[in-house]
Amino acid sequence: MSKEEIRVRFAPSPTGFLHIGSARIALFNFLFSRKKKGSFILRIEDTDKERSKTKYEEDIMRSLKWLSLSWDEGVIDEEGREKGNFGPYRQSKRGEIYKKYINHLLEKNLAYHCFCSKEDLEKQKEEQRKRKEPPQYKGRCFRLSERKKEKMIKEGKDFVIRLRLPENEVVEFEDAIRGKVSFNTKDIGGDFVIAKKDFSPLYNFACAIDDMQMRITHIIRGEDHISNTPKQILIKNALGAPACTYAHLPLTLGEDKSKLSKRHGAASLCEYKEKGYLPEALLNFITLLGWHPGGEKEIFSLEEIVNKFSLKDCQKSGAVFDIKKLDFINGQYIRKKDTDEIVRMCIPHLVKEGFLRPSFDEERYPPAYGGQIPKIGYYALKREKEMSYGEIYKIVSLYKERMKNLSQIGELADYFFKEDISYEEELLFWKEGKKKETIKNLEKVLEIFSNIKKWEKEEIEKEILEEANKEKDRGKMLWPLRVALSGKRASAGPFDIAATLGSETVKKRLKRAINVLKEG
RNA sequence: GGCCCCGUCGUCUAGCCUGGUCUAGGACGCCAGGUUUUCAUCCUGGUAACAGGGGUUCAAAUCCCCUCGGGGUCACCA
Numbered sequence: 256m257s258k259e260e261i262r263v264r265f266a267p268s269p270t271g272f273l274h275i276g277s278a279r280i281a282l283f284n285f286l287f288s289r290k291k292k293g294s295f296i297l298r299i300e301d302t303d304k305e306r307s308k309t310k311y312e313e314d315i316m317r318s319l320k321w322l323s324l325s326w327d328e329g330v331i332d333e334e335g336r337e338k339g340n341f342g343p344y345r346q347s348k349r350g351e352i353y354k355k356y357i358n359h360l361l362e363k364n365l366a367y368h369c370f371c372s373k374e375d376l377e378k379q380k381e382e383q384r385k386r387k388e389p390p391q392y393k394g395r396c397f398r399l400s401e402r403k404k405e406k407m408i409k410e411g412k413d414f415v416i417r418l419r420l421p422e423n424e425v426v427e428f429e430d431a432i433r434g435k436v437s438f439n440t441k442d443i444g445g446d447f448v449i450a451k452k453d454f455s456p457l458y459n460f461a462c463a464i465d466d467m468q469m470r471i472t473h474i475i476r477g478e479d480h481i482s483n484t485p486k487q488i489l490i491k492n493a494l495g496a497p498a499c500t501y502a503h504l505p506l507t508l509g510e511d512k513s514k515l516s517k518r519h520g521a522a523s524l525c526e527y528k529e530k531g532y533l534p535e536a537l538l539n540f541i542t543l544l545g546w547h548p549g550g551e552k553e554i555f556s557l558e559e560i561v562n563k564f565s566l567k568d569c570q571k572s573g574a575v576f577d578i579k580k581l582d583f584i585n586g587q588y589i590r591k592k593d594t595d596e597i598v599r600m601c602i603p604h605l606v607k608e609g610f611l612r613p614s615f616d617e618e619r620y621p622p623a624y625g626g627q628i629p630k631i632g633y634y635a636l637k638r639e640k641e642m643s644y645g646e647i648y649k650i651v652s653l654y655k656e657r658m659k660n661l662s663q664i665g666e667l668a669d670y671f672f673k674e675d676i677s678y679e680e681e682l683l684f685w686k687e688g689k690k691k692e693t694i695k696n697l698e699k700v701l702e703i704f705s706n707i708k709k710w711e712k713e714e715i716e717k718e719i720l721e722e723a724n725k726e727k728d729r730g731k732m733l734w735p736l737r738v739a740l741s742g743k744r745a746s747a748g749p750f751d752i753a754a755t756l757g758s759e760t761v762k763k764r765l766k767r768a769i770n771v772l773k774e775g
């Protein structure tokens with residue numbers, strides 16, 4: 256490791272699924288490290304034993320991998336393996352390291368035991384509030400005599416460890432996005448707690464120690480950490496650690512402009528994955544949330560983004576997450592992507608919705624999302640027939656240009672996967688079309704279909720169009736045909752549907768539509 | 001409330017540092033028209049913003065100040 260090496264970290268706490276907002280923070284760290292040819296480290300901040308869960312840790316890693324944000328150091332897999340020379344990379348495994356530094360600070364008299372009870376502290380704060388002073392712990396226990404302190408520890412009295420702060424000092428740091436930011440020590444709550452009685456560290460302490468010990472050069476994180484920064488700097492200063500650069504990214508906001516959270520609907524990454532958003536599209540979209548390279552291009556590959564990336568081009572104000580734009584970008588990516596891949600990605604959605612059942616050995620080919628779907632047969636449950644990969648391919652390609660996300664395939668193309676379709680009788684009428692005329696036209700179409708030799712789109716189109724063009728308004732024939740086949744107000748084109756559906760089903764649906772009209 | 005951060009179309013943003021080229025550009029959305037049997041796509045056009053007020057200056061979205069507005073944060077959580 257050379258001295259100049261840029262080192263950044265993403266340090267989530269596994270207390271929930273990976274969120275769009277945190278994914279964005281991870282992304283910016285990743286981009287910066289790649290741009291600077293530095294290292295990207297994944298550290299798990301699991302000091303909160305109550306709320307940290309392995310399943311969340313797994314979700315975080317899986318989501319990052321899904322987005323192809325790979326990391327060079329840190330916790331690398333679900334089995335708990337790690338990679339890198341500055342581990343452990345889970346805070347829960349770093350107890351000894353923290354203890355060492357706490358003792359060091361205690362010895363140097365830069366930290367001290369505090370025996371004040373919660374009630375005591377509450378009282379102190381209350382008095383300060385009355386005097387209109389900023390509430391802060393001014394170091395009452397710092398002045399305790401050595402003898403008294405020893406005695407209280409021996410008696411087993413509860414205590415915490417506090418960091419001794421310089422009074423009325425300005426802490427200043429350089430923020431790559433905002434420039435100079437400064438705080439006065441009197442405004443940060445006084446001598447704050449760095450560890451509990453059992454020497455287990457609190458967030459700011461663990462974080463500062465880790466960043467120092469892991470030689471992080473650039474701390475890129477959300478704006479909500481801006482007020483933690485002076486505390487962490489104070490800790491590092493007490494330990495004589497070198498300063499590093501900070502970059503506080505603006506927050507990702509919900510529609511109400513508050514910090515994005517669960518209550519703003521689908522917030523976890525896996526939900527977007529399940530809805531059929533492409534990782535490249537999501538990545539492209541969240542990159543644009545608070546970053547812009549200038550120019551008018553908006554669709555970028557990860558590689559292009561890395562090349563153009565700069566913290567200077569980051570926005571200072573928060574960005575509202577707009578699903579409409581994500582949909583647009585996702586649609587662009589779906590259209591651009593290889594059809595085979597889109598088909599393979601759509602199949603799990605069709606399986607999930609009960610349209611298809613793999614007729615191969617599921618044990619051998621688990622149809623997991625994103626996994627490789629074999630190009631062999633499926634069983635269409637609602638049509639009670641086998642369906643080849645080729646058929647499914649045809650259907651999906653009809654919708655490739657129409658989908659905003661892959662999970663729409665089921666509701667959009669359901670009539671290909673169901674034997675019986677239903678619809679309102681009136682839907683069959685074109686404009687002010689009459690029932691009699693519609694029946695006549697459908698019967699005509701049925702007759703043409705019965706005489707078609709080659710059941711191919713071109714042939715069907717030629718024959719039908721020839722007849723339909725006899726009318727001034729060919730919709731009179733084409734609209735009822737399309738509705739009879741799809742049952743929908745909006746669908747793919749009638750010739751595509753007919754060709755894909757096959758002559759038997761087409762004729763059956765036409766006859767049924769005619770009957771519906773005659774009986775209705 | 002204290003402290004901190006921020007403020008260009010409804011949304012994401014370009015422009016701001018290094019005032020004039022800005023009657024403020026692009027994208028999403030929305031609206032209209034064209035293509036299409038329908039829907040979607042695609043094409044064309046339109047809609048809409050410098051938070052407000054003071055300075056500085058020949059000239060301010062751009063520099064300074066104030067006000068207002070929004071957000072973040074104030075734990076023995078992270």
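Under my numbering, the first sequence has 495 at position 240, and the numbering climbs by one with no breaks. For each residue, glycine too, the CB sits at the ideal point set by N, CA and C.
The segment 266–279 in contact with the segment 292–306 per 3-pair CB rule at 8 Å:
Yes, since at least three Cβ pairs between the segment 266–279 and the segment 292–306 fall closer than 8 Å, the two stretches touch.
Taking the CB atoms as reference points, tell me whether Arg262 and Ile490 lie closer together than 8 Å.
In the first sequence, counting from the first residue as 1, residue 262 sits at position 7. In the first sequence, counting from the first residue as 1, residue 490 sits at position 235. Taking 8 Å as the Cβ cut-off, Arg262 and Ile490 do not qualify as a contacting pair.
Taking Thr309 as part of the beta strand (DSSP E), name the residues at either end of that continuous run.
Here residue 309 corresponds to residue number 54 of the first sequence, with the count starting at 1. Where Thr309 is concerned, there is no enclosing beta strand (DSSP E), although the alpha helix (DSSP H) it sits in stretches over Thr309 to Trp321.
Under DSSP, the alpha helix (DSSP H) around Glu608 begins and ends at which residues?
Here the question's residue 608 lines up with position 353 in the first sequence. Glu608 -> no alpha helix (DSSP H), and no H or E assigned at all.
Among residues of its own chain, excluding the 5 on either side of Lys637, which ones have a beta-carbon nearer than 8 Å to its beta-carbon?
The residue labelled residue 637 in the question sits at position 382 within the first sequence. Gly609, Phe610, Phe672, Lys673 and Glu674, listed in sequence order.
Provide the residue span of the alpha helix (DSSP H) that contains Asn358, from first to last.
Residue mapping note: residue 358 aligns to position 103 of the first sequence, counting from 1. Residues Gly350 to Glu362.
Residue nearest to Ala739 in terms of C-alpha spacing, selected from Glu478, Arg729, Val771 and Asn660:
Position 484 of the first sequence holds residue 739. It is Val771.
In whole angstroms, what is the alpha-carbon distance linking Glu313 and Arg657?
Within the first sequence, numbered from 1, the residue matching residue 313 stands at position 58. Within the first sequence, numbered from 1, the residue matching residue 657 stands at position 402. Between the C-alpha atoms of Glu313 and Arg657 there is a straight-line separation of about 34 Å.
Chain-order list of residues whose beta-carbon lies under 8 Å from that of Lys441 (same chain, five-residue window excluded)
Within the first sequence, the letter at position 186 stands for residue 441. Apart from the 5 residues on each side of it in sequence, Lys441 sits with its Cβ closer than 8 Å to the Cβ of Pro389, Gln391, Glu422 and Asn423 in its chain, given in chain order.
Please state whether DSSP places Glu337 in a helix, a strand or coil.
One-based indexing of the first sequence puts residue 337 at position 82. Strand at Glu337.
Report the option in Arg767, Ile597, Ser758 and Ile416 whose CA atom is closest to the CA atom of Ser662.
Residue mapping note: residue 662 aligns to position 407 of the first sequence, counting from 1. Of the listed residues, the one whose Cα sits closest to Ser662 is Ile597.
If you draw a straight line from the alpha carbon of Thr542 to that of Arg386, how long is it in whole angstroms?
For the purposes of this step, residue 542 is identified with residue 287 of the first sequence, where counting begins at 1. For the purposes of this step, residue 386 is identified with residue 131 of the first sequence, where counting begins at 1. Near 47 Å, if we compare the C-alpha coordinates of Arg386 and Thr542.
Report the residue from Glu711, Lys773 and Glu687 whose alpha carbon sits nearest the alpha carbon of Trp734.
If you number the first sequence from 1, residue 734 lands on position 479. Taking each of Glu711, Lys773 and Glu687 in turn and checking the Cα distance to Trp734, the smallest one comes out for Glu687.
May I ask you to report which of helix, strand or coil DSSP gives Asn696?
Against the first sequence, residue 696 aligns to sequence position 441. When secondary structure is reduced to three states using DSSP, Asn696 falls in the helix class.
To the nearest angstrom, how far is it from the Cα of Lys655 to the Cα of Glu328?
As a working mapping, residue 655 is identified with position 400 in the first sequence. As a working mapping, residue 328 is identified with position 73 in the first sequence. Taking the straight line from one Cα to the other gives about 39 Å.
Taking the alpha-carbon positions, what's the Arg419 to Lys409 distance?
For this step, residue 419 is matched to residue 164 along the first sequence. For this step, residue 409 is matched to residue 154 along the first sequence. Near 23 Å, if we compare the C-alpha coordinates of Lys409 and Arg419.
Please list the terminal residues of the continuous beta strand (DSSP E) segment that includes Thr500.
Numbered from its first residue, the first sequence carries residue 500 at position 245. Segment Thr500 to Leu504, the beta strand (DSSP E) holding Thr500.
With DSSP collapsed to three states, give me the class of Tyr648.
The residue you call residue 648 lines up with position 393 of the first sequence. Helix, per DSSP.
How is Thr472 classed by DSSP in three states: helix, strand or coil?
Counting from 1 along the first sequence, the entry for residue 472 is found at position 217. Coil at Thr472, not helix or strand.
Sheet register partners of Asp442 (DSSP bridge):
The count along the first sequence starts at 1 and reaches residue 442 at position 187. Residue pairing of Asp442 in beta bridges, as defined by DSSP: absent, with no partner found.
Once you ignore the five residues that flank Glu260 on each side, which residues in its own chain have a CB closer than 7 Å to its CB?
To locate residue 260, count along the first sequence from 1; it is residue 5. Closer than 7 Å at Cβ, skipping near neighbours: Gly293 and Ser294.
Taking just the CA atoms, how far does Trp546 sit from Gly573?
In the first sequence, the residue the question calls residue 573 occupies position 318. In the first sequence, the residue the question calls residue 546 occupies position 291. Going by the C-alpha atoms only, they are around 11 Å apart.
By Cβ distance, which residues of its chain are closer than 6 Å to Arg612, with the 5 residues on each side in sequence left out?
Position 357 of the first sequence, counted from the start, is the residue given in the question as residue 612. Counting only Cβ-Cβ distances below 6 Å, and skipping sequence neighbours, we find Tyr634 and Leu636.
Taking Cβ positions, are His359 and Cys396 nearer each other than 8 Å?
Counting from one through the first sequence, the residue named residue 359 turns up at place 104. Counting from one through the first sequence, the residue named residue 396 turns up at place 141. Between His359 and Cys396, the gap from beta carbon to beta carbon reaches 8 Å or more.
Pro505: buried (16+ other C-beta within 10 angstroms of its C-beta) or exposed?
As a working note, residue 505 is residue 250 in the first sequence. Residue burial annotation: Pro505 is buried, with at least 16 other C-beta atoms found within 10 angstroms of its C-beta.
Beta-bridge pairing of His274 - partner residues as DSSP gives them:
Residue 274 sits at position 19 when you count from the first residue of the first sequence. BP columns for His274 point to Ser523.
Going by DSSP, what residues sit across from Trp546 in a beta bridge?
Translated into positions along the first sequence, residue 546 becomes position 291. DSSP lists Cys569 as the beta-bridge partner residues of Trp546.
Classify Val575: buried if its beta carbon has 16 or more other beta carbons within 10 angstroms, exposed otherwise.
Taking the first residue of the first sequence as 1, we reach residue 575 at position 320. So Val575 ends up on the exposed side.
With distances taken Cα to Cα, identify the nearest neighbour of Gln487 among Val448, Ile664, Phe540 and Ser523.
Position 232 of the first sequence, counted from the start, is the residue given in the question as residue 487. Nearest option by C-alpha distance: Val448.
Burial state of Asn706 (16 or more Cβ within 10 Å)
To locate residue 706, count along the first sequence from 1; it is residue 451. By the C-beta density criterion, Asn706 is exposed, having fewer than 16 other C-beta atoms within 10 angstroms.
Close-in-space but distant-in-sequence residues of the same chain around Lys649 (CB under 7 Å, 5 per side omitted)
Along the first sequence, read from residue 1 onward, the residue named residue 649 stands at position 394. Hits under 7 Å: Thr755.
For the alpha helix (DSSP H) containing Asp751, list its first residue and its last residue.
Start at 1 with the first residue of the first sequence, and residue 751 comes out as number 496. Segment Pro749 to Leu756, the alpha helix (DSSP H) holding Asp751.
Between which two residues does the alpha helix (DSSP H) harbouring Ser741 extend?
Indexing the first sequence from 1 puts residue 741 at position 486. Run containing Ser741: Gly730 to Ser741, per the alpha helix (DSSP H) assignment.
Cβ neighbours of Tyr458 in the same chain (closer than 8 Å, five flanking residues each side left out):
Looking up residue 458 in the first sequence gives position 203. Counting only residues of its own chain and dropping the five nearest sequence neighbours on each side, Tyr458 has a CB closer than 8 Å to the CB of Glu300, Thr302 and Asn483.
In three-state DSSP terms, what is Glu405?
The residue labelled residue 405 in the question sits at position 150 within the first sequence. Reduced to three states, the DSSP call for Glu405 is helix.
Would you list the residues sitting across from Arg345 in a DSSP beta bridge?
Position 90 of the first sequence, counted from the first residue, corresponds to residue 345. Partner(s): Ile299.
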